[in-house]
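Novice: Quick one: the structure is below, and I'll ask about it shortly.
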Amino acid sequence: MVDTIDRDSIIKSLQIILQTEGFRENADLWDISILGPVIIAMTDRSQYLDRADFVSFLDLYEIWDAIDGVEAENKRRIGNGLPGSASVKASGSTFLPR
Numbered sequence: 417m418v419d420t421i422d423r424d425s426i427i428k429s430l431q432i433i434l435q436t437e438g439f440r441e442n443a444d445l446w447d448i449s450i451l452g453p454v455i456i457a458m459t460d461r462s463q464y465l466d467r468a469d470f471v472s473f474l475d476l477y478e479i480w481d482a483i484d485g486v487e488a489e490n491k492r493r494i495g496n497g498l499p500g501s502a503s504v505k506a507s508g509s510t511f512l513p514r
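The opening residue of the sequence shown carries number 417 in this note's numbering; numbering runs sequentially from there.
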């Protein structure tokens, strides 16, 4: 899944995620079904990765509401026969606002 994404963008995304309250307070909840769409969404919006206020945006963003929606949509897609990796990739494109 991440083999088509620029390595530096993935690293920057992970560095930003590690700085957010949402990750620090709930690191045990971040599995690939959550982390995958977040990284895809962030790397798809790479123009924001160098902005100093991007961590602040993620701290204010209602990430758990978005995650609940992503999980429900992933279950629906997988239940309809879409492979899990394709569902996670599809979720990433809509996870964060542009």
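For glycine and all other residues, C-beta sits at the position ideal for the given N, C-alpha and C.
1. Helix, strand or coil for L465, going by three-state DSSP, please let me know.
2. Pairs of beta-carbons, one from the segment 452-467 and one from the segment 426-436, closer than 8 Å: are there three or more?
3. Please list, in chain order, all residues of the same chain as I450 whose beta carbon is under 6 Å from its beta carbon, the five residues on each side excluded.
4. Go ahead and label G495 buried or exposed: buried means 16 or more other beta carbons lie within 10 angstroms of its beta carbon, across all protein chains shown.
5. Is the beta carbon of I448 less than 8 Å from the beta carbon of F439?
Specialist: According to the structure data:
1. Assignment of L465 by DSSP, reduced to helix, strand and coil, places it in the coil class.
2. In this structure the segment 452-467 touches the segment 426-436; the number of beta carbon pairs closer than 8 Å is three or more.
3. I483, listed in sequence order.
4. Classification for G495: exposed.
5. With contacts defined as CB atoms closer than 8 Å, I448 and F439 fail to qualify as a contacting pair.
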